[in-house]
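Have a look at the structure below before the remarks.
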Amino acid sequence: MVTDLRRWMLGSVTTGYADRVAPEVSTGQTEDVRVWIGRVVTGRETEHEKFVEWLNGAEAHEIFRRRRLSEYLLTEEAGTVTVVFKAPHTGDPRIMIDFLRYPGLWPDFWEFVRGGRAEDEPPPRLPESATRVRWRRGDT
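In structure tokens form, the structure reads like this:
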């Protein structure tokens, strides 16, 4: 699973970490945006609901701040969970990698389906009622 996540996040980077991560090409953007799409494992819906409740709380929000995110959005519709997360554009993909590797933010009851950069994997347009978690730096 970690290999799949790393592959969709970085594409060509397959070995090493700190000293081998290729910088991202600057396109004048101010934020890096990643999209993770998956589903809840059948029979684990109660755990998912508790996790979503935790994601809406102060402890998760502090982790988002410490991991240098600028926004975290979780939507859910028709069994599909979509997470969109943003961080300031630095040209260094390690902010996103570190967030994906952070223990406890990607529970084993979520199955990864696909994901990537927002320009490659645009987040679905969903009604506001599909929003389960929305955190933005500076809102709290």
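Residues are numbered in this note's numbering as their position in the sequence shown, beginning at 1, plus a constant of 2. Where a beta carbon is used, it is the ideal one built from N, C-alpha and C, also for glycine.
> Among Asp-141, Arg-103 and Val-135, which has the Cα closest to the Cα of Phe-53?
Replying inline: Val-135
>> Taking 7 angstroms as the limit between beta carbons, can you name the residues of its chain near Pro-105, skipping five residues before and five after?
In response: none
>> So Arg-41 and Val-86 are supposed to be a Cβ contact under 8 angstroms. How far apart are they, rounded?
In response: Contact doesn't hold; Cβ gap of about 16 angstroms is too wide.
> Who are Pro-95's beta bridge partners in DSSP?
Replying inline: Beta-bridge pairing links Pro-95 to no other residue.
>> Quick check on Gly-117: buried or exposed, where buried means 16 or more other Cβ atoms within 10 Å of its Cβ?
In response: buried
>> Contact defined as beta carbons within less than 8 angstroms: I believe Glu-73 pairs with Trp-137. What is the distance between those atoms, to the nearest angstrom?
In response: 7 angstroms
> With 16 as the cutoff for other CB atoms within 10 Å, does Ala-62 come out buried or exposed?
Replying inline: buried
> Using DSSP with H/G/I as helix, E/B as strand and the rest coil, what is Val-23?
Replying inline: Unreliable placement is indicated for Val-23, whose pLDDT of 47 sits below 50; no coordinate value is reported for it.
> To which residues of the same chain is Pro-126 closer than 7 angstroms at the C-beta, ignoring the five residues directly before and after it?
Replying inline: Thr-84
> In whole angstroms, what is the alpha-carbon distance linking Leu-75 and Ala-132?
Replying inline: 10 angstroms
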